[in-house]
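Enquirer:
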Amino acid sequence: MASSKEYLEFILGQLSELEEITYRTMMGEFIIYYRGKIVGGIYDDRLLVKPVKSAISYMPIAPYELPYEGAKEMLLVDEVDNKEFLTGLFHAMYDELPALKPKKKK
């Protein structure tokens, strides 16, 4: 099942306090970037984030879920209605997220 554009717009609205939130569509789902780093994504209309230590500390009881078959587990963000919570989560995670690898030239 693909994620809806409406859910993406809702999440982007909730993150509107943050600068440099971007996304990329990939196979019907959406990868979410914060200041050029991948934070997580929207899969089947669920916001999932990378399970870095800061995210686990921020959401200690968050369940782990698979974004799609064969993928690594990610943390499910339940509090998507709370703008302050989401903004704080993304701020907390940023320094721990790996930088994007440069693309190889062909």
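Residue numbers (the working numbering): 21 to 126. From the three backbone atoms N, C-alpha and C, an ideal C-beta is built for every residue, glycine too.
#1: Determine the burial state of M113: buried for a count of at least 16 other Cβ atoms within 10 Å of its Cβ, exposed for fewer.
#2: Do the stretch 95-113 and the stretch 37-52 make contact, defined as three or more Cβ pairs closer than 8 Å?
#3: L95: which of N102, K125, E89 and E85 sits nearest, CA to CA?
#4: In the DSSP assignment, the beta strand (DSSP E) including Y43 goes from what residue to what residue?
#5: Which partner residues does K57 have in the DSSP bridge list?
#6: Within a Cβ cutoff of 6 Å, which residues of the same chain sit near A22, ignoring the five residues on either side of it in sequence?
#7: What's the gap between the Cα of R54 and the Cα of T42?
#8: Could you pull the start and end residues of the alpha helix (DSSP H) that L95 belongs to?
Expert: This is what the structure holds:
#1: buried
#2: yes
#3: E85
#4: I41 to M46
#5: For K57, which the question treats as bridged, DSSP gives the partners Y54.
#6: Excluding residues up to 5 positions away in sequence, G48 lie with their Cβ nearer than 6 Å to the Cβ of A22 in the same chain.
#7: The sequence shown places Tyr at residue 54, rather than the Arg named in the question. Taking the straight line joining both Cα atoms gives about 7 Å.
#8: L95 -> not in any alpha helix (DSSP H); beta strand (DSSP E) instead, spanning M94 to L96.
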